[in-house]
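Participant: Can you read through this structure? Questions will come right after.
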Amino acid sequence: MLSAATKWACAEMLLSGTTTFYDILEAPNTLPGGLDTQKDEVVSAGIRGILSFEATERSGNEIGKLGIQENLSFHERTLDDPLISAMMCIHTTLHVHKNSSPKHFL
């Protein structure tokens, strides 16, 4: 479903003249690897994208940690990518606790 939704969104953006976008993925069931699924479709469409996963503990502490790791590892894998960039996205402090966030994000 994520692949199809990303493909559709890219097509809509290109049809409207958008060539660069930012997206926050809010899909905890896609962890790990959801950002890579999006990346594959974005690159296939030839559009530039800044992609992030909304790290949150709404679905539990483990999902929060997986979300942070998804952002960090995706950032490392896309450093030299001409079309894809990564951005850290952390939901409100209400849903991400101090003890589970990397020190450099506090």
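In terms of this note's numbering, the sequence shown opens at residue 34 and continues consecutively.
Think of the CB as a built atom: it goes at the ideal place given N, C-alpha and C, for glycine as much as any other residue.
#1: If I follow the unbroken alpha helix (DSSP H) through Gly97, where does it start and stop?
#2: Tell me the DSSP bridge mates of Leu84?
#3: By the DSSP assignment, the alpha helix (DSSP H) with Leu68 in it spans what residues?
#4: Would DSSP call Met34 helix, strand or coil?
#5: Could you tell me how far apart the beta carbons of Leu88 and Gly97 are, in whole angstroms, since I believe they sit closer than 8 angstroms?
#6: Note down the Cα distance separating Thr51 from Glu95, rounded to an integer number of angstroms.
#7: Assign Pro65 to buried or exposed, taking buried as 16 or more other Cβ atoms, counted over all protein chains shown, within 10 Å of its Cβ.
#8: Taking 7 angstroms as the limit between beta carbons, can you name the residues of its chain near Val76, skipping five residues before and five after?
#9: According to DSSP, simplified to helix, strand and coil, what is Leu64?
Facilitator: In short:
#1: Gly97 -> alpha helix (DSSP H) spans Asn94 to Arg110.
#2: As DSSP reads the structure, Leu84 sits in a beta bridge with Asp56 and Ala119.
#3: The continuous alpha helix (DSSP H) containing Leu68 extends over residues Gly67 to Ala78.
#4: Reduced to three states, the DSSP call for Met34 is coil.
#5: The displayed chain sequence assigns Ala, not Leu, to residue 88. Taking C-beta atoms under 8 angstroms as the contact rule, Ala88 and Gly97 qualify, at a distance of about 6 angstroms.
#6: Roughly 35 angstroms between the two C-alpha positions.
#7: Under this definition Pro65 is an exposed residue.
#8: Once the five neighbours on either side are set aside, the close Cβ partners of Val76 are Leu116 and Ile117.
#9: Reduced to three states, the DSSP call for Leu64 is coil.
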